[in-house]
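Chain order of the listed sequences is A and B.
When the letters of the first sequence are read in order and numbered with our numbering, they come out as residues 859 to 1312.
When the letters of the second sequence are read in order and numbered with our numbering, they come out as residues 170 to 493.
As structure tokens, the structure follows; a few thoughts come after it.
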Amino acid sequence: MKRLILSFITLFVLILAGCGNGGSGGGATSNGGGGAQQGLTGGNSYIGCPGNTSTTAAAPESGTVTLTVSGWSSSPAEDALVQQNLQKFQQAHPNIQLKWSPITGDYPTKMRANVASNVVPDVFYLSTDMAPEYITSGKLLDISPYMAKDNIQASSYYPSLITPFSCKSGQVYGIPKDWGTLGVFYNKQMLQQAGLSAPADNWTWNDMQDYAKKLTKKGTAASSVYGITFAAASSQRWMAFLLANGGSVLNSDGTQATFNSKAGIDSLNFYSSFFKDGSAVQPTDVAAGWAGDAFGKQRAALALEGPWLIPYMQQNFPNVQYGIAPVPTAPNGKRADLIFTNSWSAYGNTKHPEAAWEVIKYMTGQDVQGSQLHAGFALPSLKSLSNDQYFTQNPGFKVLFDAATYGYADNFGPHTSAIHTQLDQAVEKVLLGKADSQTALNDAANHVNTELQT
Amino acid sequence: MASQPATPGAASTLRDERKRAQLGGHRGSGARRGEALAAYLFLTPYFIVLGIFYIFVLLYGLGLSLFKIDIGFTAPIFVGFNNYAIIFQQLSYAGDSDFWISIINIIKFTIVVVIGQTIVALLIAMLLQAVTPKIRGVFRTLFYLPAVTSSVAISLLFLWFYTPQGVINYLLSLVGIPGPHWLEDPLFALPALMLLNIWCTAASFMLYFLAGLQDLPRELYEAAQVDGANRTNLFFYITIPLLRPIIFLVVALGTIGAFQMFDQALFMTGGGPLRSTLTPALQIYYAAFRDNHFGLAAAMSVLLFILIFVVTIFQRRLIDTSLS
Chain A
859 MKRLILSFIT LFVLILAGCG NGGSGGGATS NGGGGAQQGL TGGNSYIGCP GNTSTTAAAP
919 ESGTVTLTVS GWSSSPAEDA LVQQNLQKFQ QAHPNIQLKW SPITGDYPTK MRANVASNVV
979 PDVFYLSTDM APEYITSGKL LDISPYMAKD NIQASSYYPS LITPFSCKSG QVYGIPKDWG
1039 TLGVFYNKQM LQQAGLSAPA DNWTWNDMQD YAKKLTKKGT AASSVYGITF AAASSQRWMA
1099 FLLANGGSVL NSDGTQATFN SKAGIDSLNF YSSFFKDGSA VQPTDVAAGW AGDAFGKQRA
1159 ALALEGPWLI PYMQQNFPNV QYGIAPVPTA PNGKRADLIF TNSWSAYGNT KHPEAAWEVI
1219 KYMTGQDVQG SQLHAGFALP SLKSLSNDQY FTQNPGFKVL FDAATYGYAD NFGPHTSAIH
1279 TQLDQAVEKV LLGKADSQTA LNDAANHVNT ELQT
Chain B
170 MASQPATPGA ASTLRDERKR AQLGGHRGSG ARRGEALAAY LFLTPYFIVL GIFYIFVLLY
230 GLGLSLFKID IGFTAPIFVG FNNYAIIFQQ LSYAGDSDFW ISIINIIKFT IVVVIGQTIV
290 ALLIAMLLQA VTPKIRGVFR TLFYLPAVTS SVAISLLFLW FYTPQGVINY LLSLVGIPGP
350 HWLEDPLFAL PALMLLNIWC TAASFMLYFL AGLQDLPREL YEAAQVDGAN RTNLFFYITI
410 PLLRPIIFLV VALGTIGAFQ MFDQALFMTG GGPLRSTLTP ALQIYYAAFR DNHFGLAAAM
470 SVLLFILIFV VTIFQRRLID TSLS
């Protein structure tokens, strides 16, 4: 029996040794070539660089090349636009054939299965949650040499957008294709009825509390209207206030949790004050699926959401008149916001790196980003599009776009999902009145610190 | 699968089998060998599937639990029993550890659900037994519908029912009870899932009881009635003892199923609010696919397996299943 178990374990270890890959984790690498300064960002201290950076750009290939391109589709209209842009690319590059095969369902899990079986698309979307693991294990193509060769500066993209896809020494592994952030959506009619003007550009936390209180009208369970709506487990809203108050989630080298500072506790007290004084409601308590749904159903006058709410309102609640205000300034006069972004990246072991780079360059270039902006799908990541005429026609969109200048990427290295979970639990405990801010944040900090050690 | 329980009808089936065997015995050993070969051939596909998707996966999971691994990105590191050590170290703050909270949740859940669904299944079966066969067929189909409906579809439907202004609170208000915010209240979220599960799984176990009830010998009842037994006595002293093997089957299968509850927790509450509906299966899923700790998740699944195994063995001792 013992010999049987031993042989099984041996067999198992052998199988695993074949499956595992040689990617190392972390560690500094040499800089990407002498004159490649434009291809580098300022560096991302949360993501270790892989051990196998190639510092030269491959030469363009002559024959016909076929690439698989993958990503996800949040709507049929968006999918159609992506395919249209890929078609335009193929017309401009007749020797590169593209095969668009989006992944439906759980994208990170499906991509992980692809990586484990070494059958990875050549060019694909990468979310900030996936970035640290993919970069550090060497699964992505280092784009910095190609950016240097084609004179594309990392600085033409807002730092908060491109740094999440670079590693410690500044190498770039993905170019942001679009992004979202948070703004305060307000119901124009409900503000008018309460005798309030639209929120000023520099409105403060106190103003927001005031607005929420004045906009709350208690009635029966089915008719009550509230000032603001958000879910209890919403750390990815509260963090905007944490950052505005001068707090941070992790220390600069990502080894310690710092959100349980005084700035953090004060910001969580502010965030929970809406629930405590009855001016906030959870979406599920008004039979809504999420905050945007509650806002559309006009059960709340304010909602802290992003550009994804715009097409949702257009489709489901086209008659609701709303505006978008920037997040309010904290008592210290500062403002901060959260940035959610995705990039186009290429597989590290792709057979056609130069062709893959051409696809990335085109799909994140001025033309494609302009088309996405004009269709109202997403905010562009290029600084050069900041004065596009679309923004004058859609001032709400401009308010969201400006957040790039004071926003922080919602990503903190390889343990981001664990950090989100712990913060969600802490925020939920406080909002449901089960703990005070200090205890909840201290508990979460202990768990996060344990997690950071693994 | 639980060991073959002896149903009341088993005795008569065995008798028929012996008769058939005696009749076919004279065909000779060659034919018998051919039959055996045919049997093995027919069983082979099942053994292949069992081997790959069950036994190999079981051993792979056991092996995974000895590594720190994230499937495809970094090389696996052999850590021995460190994953188990991590889980048991969390016992020191069990009230805040995800895994141990999930174990407490699932124990609460299993106790209530198994008792609930066994009683409900038996009651429905007895009700069906009392009506004429034509009506019985119609109602049996209606009662069995939850068992064949996708659990995801049921979860979505009940997500709608359980909203604060939903159907269930409306029905409660008709009786004057103010309904709670089922899925947002940490006290009521797990009971909401318990009620849902009792309704769903009682449906399939009702069939076991129905089959058992139909096999009960009429003579025993008549004899007892002659001796002056009333309906309660008949139920507690004849029906229940004769149904014991089926009760064990229903309780054991119900326990094994309840311990692995996953779909409803994932789709309806995501483990919240405040981890009140976090189940071990859900925590294993989160540890593996959200936090990338595949080795830790495998260790958790091994511990869950041991827990279910021990509980089932214990149940078998408690509910005697020896052939009469």
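Ideal placement from N, C-alpha and C gives every residue a C-beta, glycine not left out.
These numbers were taken from a predicted model, which means no experiment stands behind them.
{"Item": "Residues bridged to A:Asp1195 (per DSSP)", "Value": "A:Gly1265"}
{"Item": "Cβ pair A:Gly1028, A:Leu898 closer than 7 Å", "Value": "yes"}
{"Item": "Minimum C-alpha distance to A:Ala974 - residue among B:Gly335, B:Thr438, B:Phe242", "Value": "B:Phe242"}
{"Item": "B:Phe457 and B:Gln429 closer than 7 Å at C-beta", "Value": "Residue identity check: residue 457 of chain B is Ala in the sequence provided, not Phe. Their beta carbons are not under 7 Å apart, which means B:Ala457 does not touch B:Gln429 by this criterion."}
{"Item": "Under 9 Å by beta carbon: chain B residues contacting A:Lys997", "Value": "Gly241, Phe242"}
{"Item": "Helix, strand or coil at A:Ile905 according to DSSP, with G and I counted as helix", "Value": "coil"}
{"Item": "CB contact flag (A:Phe1099, A:Val1107, <7 Å)", "Value": "no"}
{"Item": "Classification of B:Asn252 by the beta-carbon crowding that lies within 10 angstroms, buried from 16 upward", "Value": "buried"}
{"Item": "Proximal residues of chain A, C-beta to C-beta of B:Phe458 below 7 Å", "Value": "Thr967"}
{"Item": "Own chain partners of B:Leu472 with C-beta closer than 7 Å, once the 5 adjacent residues on each side are dropped", "Value": "Ile256"}
{"Item": "Segments assigned beta strand (DSSP E), at least 3 residues, entirely inside the segment 947-978 of chain A", "Value": "954-958"}
{"Item": "Simplified DSSP state of A:Pro1034, which is helix, strand or coil", "Value": "strand"}
{"Item": "Cβ neighbours of A:Gly921 in the same chain (closer than 8 Å, five flanking residues each side left out)", "Value": "Asn953"}
{"Item": "Spatially closest choice to A:Ser1125 from A:Trp1063, A:Ala1070, A:Ala1146, A:Pro1169, by CA coordinates", "Value": "A:Trp1063"}
{"Item": "Secondary structure, alpha helix (DSSP H): runs of 4+ residues fully inside the segment 341-428 of chain B", "Value": "358-383, 387-395, 400-403, 413-428"}
{"Item": "Buried or exposed (CB count within 10 angstroms, at least 16 for buried), A:His1210", "Value": "buried"}
{"Item": "Simplified DSSP state of A:Phe1153, which is helix, strand or coil", "Value": "helix"}
{"Item": "C-beta neighbour in chain A for B:Glu353, strict 7 Å", "Value": "yes"}
{"Item": "For A:Pro918, the nearest candidate out of A:Asp1068, A:Lys957, A:Trp1215 (CA to CA)", "Value": "A:Trp1215"}
{"Item": "Cα-Cα separation between B:Phe216 and B:Phe225, rounded to whole angstroms", "Value": "12 Å"}
{"Item": "Where B:Glu204 sits in the DSSP three-state scheme", "Value": "helix"}
{"Item": "Cβ-Cβ distance between A:Thr1222 and A:Ile1001 below 7 Å", "Value": "no"}
{"Item": "7 Å Cβ cut-off: residues of chain B touching A:Ser1275", "Value": "Arg459, Asp460"}
{"Item": "Cβ contact (3+ pairs, closer than 8 Å) linking the segment 365-374 of chain B and the segment 303-322 of chain B", "Value": "yes"}
{"Item": "Cβ shell of B:Ile488 (< 8 Å), same chain only, five flanking positions each side left out", "Value": "Arg413, Ile416, Phe417, Val420"}
{"Item": "Inter-residue spacing [alpha-carbon to alpha-carbon] between A:Gln942 and B:Tyr209", "Value": "57 Å"}
{"Item": "Chain B within 7 Å of A:Gly890, Cβ atoms only", "Value": "Legend: pLDDT at A:Gly890 = 36, less than 50; position of this residue unreliable, no value from coordinates given."}
{"Item": "Chain A contact residues for B:Asp265, given Cβ-Cβ distances below 8 Å", "Value": "Asp1301, His1305"}
{"Item": "Complete alpha helix (DSSP H) runs within the segment 1223-1254 of chain A (minimum length 4 residues, chain order)", "Value": "1224-1232, 1247-1251"}
{"Item": "Close-in-space but distant-in-sequence residues of the same chain around A:Gln1280 (CB under 7 Å, 5 per side omitted)", "Value": "Ala1302, His1305, Val1306"}
{"Item": "Residue-chain proximity (A:Val1185, chain B), Cβ-Cβ < 7 Å", "Value": "no"}
{"Item": "Partner residues on chain A for B:Gln334, Cβ-Cβ distance less than 7 Å", "Value": "Ala1079, Ala1080, Ala1145"}
{"Item": "Delimiting residues of the beta strand (DSSP E) encompassing A:Tyr983", "Value": "981-985"}
{"Item": "Simplified DSSP assignment, three categories, for B:Tyr454", "Value": "helix"}
{"Item": "Test: B:Leu365 CB closer than 7 Å to a CB of chain A", "Value": "no"}
{"Item": "Any 3 or more C-beta pairs closer than 8 Å across the segment 1087-1094 of chain A and the segment 1041-1060 of chain A", "Value": "no"}
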